[in-house]
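See below for the structure under consideration.
Number of protein chains: 2
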Amino acid sequence: MNNFSFYNPTKIVFGKGEIAQLDALVPKTAKVLLIYGSGSIKKNGVYDQVIKALGKRKVTEFEGVEPNPYFETCLDAVSIIKQKKIDFLLPVGGGSVIDATKFIAAAALYEGKDSWDILSKQVEVKQAMPFGSVLTLPATGSEMNKGAVITKSETKEKLAFHSDKVFPQFSILDPETTYSLPKRQITNGIVDTFVHVIEQYCTYPVRNQISDRFAESILQTLLEEGGKVMKNPTDYDIKSNLMWAATLGLNGLIACGQPEDWSTHMIGHELTAFFELDHGVTLSIVLPGVLRVMKKDKLDKLAQMASRVFGINEGSRTERADKAILAIERFFRSLGAPTHLSDVNLDASCIDIVVERLEKRGWALGERHNITPSKVREILTNRI
Amino acid sequence: MNNFSFYNPTKIVFGKGEIAQLDALVPKTAKVLLIYGSGSIKKNGVYDQVIKALGKRKVTEFEGVEPNPYFETCLDAVSIIKQKKIDFLLPVGGGSVIDATKFIAAAALYEGKDSWDILSKQVEVKQAMPFGSVLTLPATGSEMNKGAVITKSETKEKLAFHSDKVFPQFSILDPETTYSLPKRQITNGIVDTFVHVIEQYCTYPVRNQISDRFAESILQTLLEEGGKVMKNPTDYDIKSNLMWAATLGLNGLIACGQPEDWSTHMIGHELTAFFELDHGVTLSIVLPGVLRVMKKDKLDKLAQMASRVFGINEGSRTERADKAILAIERFFRSLGAPTHLSDVNLDASCIDIVVERLEKRGWALGERHNITPSKVREILTNRI
């Protein structure tokens, strides 16, 4: 097991009816900025529950955070915070809304000239505004971690930052808020969680029994519940398991003591930035390519996953690894997720654009830092 | 899945050499009370590592915290804190030392007349001194939770308290510090962890896939590594997995959304209080009795555990449950843990004493609050 440190102070309040807890969780005298997306929370009753729970607190609304939230949008929110002397942020929505809030929280108190430096130059976040979240779309894990991904519309750059200062103080997870999600978002959420777990698991073994088994537990749960959710979108237990799985998939826990390989996300971010694909869509396309091209490096874990997660016990390690990768592709397709670039009307010409950007950044991805731009070309060529 | 809330702000720093991190984790100007037990840390090099890492900080020592720490001992530490104007506590040891520190941290700032009320009357802890720990004996999970168990020597009462104020700020877990543990303490630690997990798992199913599988992951790891550790006491990976298992066994995580049954611990505490048995010893004796006597109530989970943890797939659910209980007893005995009262020279006469105490308290234990004193009699009679 590798050395590690783990720290996660976010309080999770989970279950039906728990949005009412906002009254106990948000300071009584807070001037709240309620941050949300396209307004679906006004149709499914979540908005009403939130407003009711906030009672007499002064609430300003900031609507319109887009998927893959823009830096420019965040700056608009920062202006409002300064104008209205807001002192508490409350994102209500999915990972995009919470990610935007993390950046807004940091940018509002940023003392430098240009808060984009937090992303582009990884300038340390020294302070951030307090916030708690109400999650309505399980996927990114943002509700219980310290990371966020923001896109600069102007330059089509999608970049991440991490800081202990932007852990949500609390996150409320009520599975009933996910009943009305469109199928596409359910699929994206399951794929996103699945890939998060794979990226912290499918590297090389370090005799880390607990993190391995915890990761396998989440994968098994996604396979089990993911196979049922489309036909049972208002089954409380299915939705509960998927929601908690998404949070645990990226709250730091299963990364403890493990090597990690975030190449699927890094390649996917470029596809989203250039071609405006859903984040989840890029992952279901890229992951099988990463696993195939890097199969030799990941063979032990692929074979372990084949057996423990998919019940594939026959054949050589390589055969089992191949079967496991096929099983993942089949699972993604069963959810309606694309697995090839052609599924989203992209052809080989997109590859140069992505590879060129990675070459410019000088990134070598993967647990062994050997996923070079030329390997990325191989990976994406596998996905045409 | 049941509603739940989860909050755990303790920072874990895990791995060989990490005691040196104390210099970064303890405030530079702290006046530290270093709290430890019988002095084994002076023999195995841990004390030297700690003193070196603390550098020029002013350190006062408080030696002699006993297993099942006494309230009276804690009060001695509180006096020293007041005399020496200590402002940071640093327990170095196992669960007893950390539990004692939690109580000391609360008692030092307690404004009432008698700090025993925190335990006997469950008076709310409003403030506590800051502290971080160095763990040297994986077992209780105290290094990453908010609970502590303290014994009043005078009245032979062993009672618990819980408070968000007594989470350690940090805990350093270096598996190498556990290389020199005597066999008895390794056994007690594995049994304690195993029973913690069972008490949060072996109740009735609530379709909580993740918490179930996480619990099973820890049990599987204990079986796997517990079977090897006695012959390989200095195997870093075995010790790492056992150490992390113990922390995760009682940090609140696997309890999320689950019913719980702490009857084995509650009955065990009385056996320790009256007969001075090791905590772990009481658990390996009591648990099989609880599972046998409450088998009907726990049948679904016992059968699930039989299959998923022990690979027992043949026979009816009742047969599988029986086999799982036998497998647990065999595992405990393979570690050298006693499983009957006669193994520790107790006979039926001890039962009345325990049952009488529980009757006085009016406790009905278990996930369905149906483990009444007369059920406890049945459980202990099963263990003669």
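Protein sequence lines, in the order shown, are assigned to chains L and B.
Numbering-wise (the numbering used here), the first sequence opens with residue 98 and increments by one.
Numbering-wise (the numbering used here), the second sequence opens with residue 98 and increments by one.
The beta carbon of each residue, even a glycine, is placed where N, CA and C say it ideally should be.
Contact of R405(B) with chain L is not assigned, every C-beta pair being separated by 7 Å or more. With its beta carbon less than 7 Å from one in chain L, P106(B) belongs to the interface. Look at the region 182-215 of chain B: it has no residue with a C-beta under 9 Å from a C-beta of chain L.
Contact annotation for N338(B) against chain L: M98, R304, N305, Q306 and I307 [CB-CB distance below 8 Å, chain order].
At least one C-beta of chain B is nearer than 7 Å to the C-beta of T318(L). Taking a Cβ-Cβ cut-off of 9 Å, the neighbours of I109(L) in chain B comprise F101, S102, F103, Y104 and C353, given in sequence order. Shown here, A352(B) sits in coil according to DSSP, grouped into three states, outside any helix or strand. For the region 101-156 of chain L, the full-length beta strand (DSSP E) segments reaching 3 residues or more read 101-103, 108-111 and 128-132 along the chain.
Exclusion of the five residues before and after I351(B) leaves Q297, S308, F311 and A312 as the residues of its chain whose Cβ lies within less than 6 Å of its Cβ. Under the three-state reduction of DSSP, F228(B) is assigned to strand. Contact holds between the region 369-382 of chain L and the region 278-288 of chain L, because three or more Cβ pairs, one in each stretch, are under 8 Å apart.
Considering only beta carbons, no part of the region 420-446 of chain L lies closer than 7 Å to chain B. Within its own chain, the residues whose Cβ lies closer than 7 Å to the Cβ of P227(L), once the five positions on either side in sequence are excluded, are F185 and Q266, listed in chain order. When rounded, the separation of the alpha-carbon atoms in E251(B) and D449(B) is 21 Å. Under the Cβ criterion of 7 Å, D334(B) is counted among the residues facing chain L. Taking all protein chains shown into account, T233(L) has 16 or more neighbouring C-beta atoms within 10 Å of its C-beta and is therefore buried. A Cβ of chain L is located within less than 7 Å of the beta carbon of S314(B).
In the displayed model, V189(B) falls within a strand according to three-state DSSP. Counting of Cβ neighbours within 10 angstroms places A225(B) among the buried residues, the total reaching 16 or more.
For S260(L), the three-state secondary structure derived from DSSP is coil.
Here the C-alpha atom of T290(L) lies approximately 44 Å from the C-alpha atom of I476(B).
7 Å or more divides the Cβ of A342(B) from the Cβ of T361(B).
With contacts defined by Cβ atoms closer than 7 Å, S268(L) and S230(L) form a contacting pair.
Between V452(L) and V473(L), the C-beta gap is smaller than 7 Å, which places the two residues in contact.
Residue contact check for R414(L) against chain B: no CB pair falls below 7 Å. One Cα belongs to V143(B), the other to K149(B), and the distance between them is close to 10 Å. Counting only residues of its own chain and dropping the five nearest sequence neighbours on each side, G152(L) has a CB closer than 8 Å to the CB of D120. Residue environment analysis places S176(L) among the exposed positions, since fewer than 16 neighbouring C-beta atoms fall within 10 angstroms of its C-beta. Contact check between the region 429-441 of chain L and the region 451-470 of chain L: fewer than three CB pairs, one atom from each, fall below 8 Å, which does not count as touching. Within chain L, the residues N100 have their CB atoms less than 8 Å from the CB of K113(B), given in chain order. With a cut-off of 8 Å on Cβ pairs, the region 127-134 of chain L is in contact with the region 185-196 of chain L, counting three or more such pairs.
Listed along chain L, the residues sitting closer than 9 Å to E321(B) by beta-carbon distance are Q306.
Chain L places a beta carbon closer than 7 Å to that of F311(B), counting this residue as a contact. Per DSSP, the unbroken alpha helix (DSSP H) holding G286(B) starts and ends at K280 to Y298. Assigned with DSSP and collapsed to three states, E367(L) falls in helix. In terms of beta-carbon proximity, A342(B) lines the interface with chain L, with at least one pair separated by less than 7 Å.
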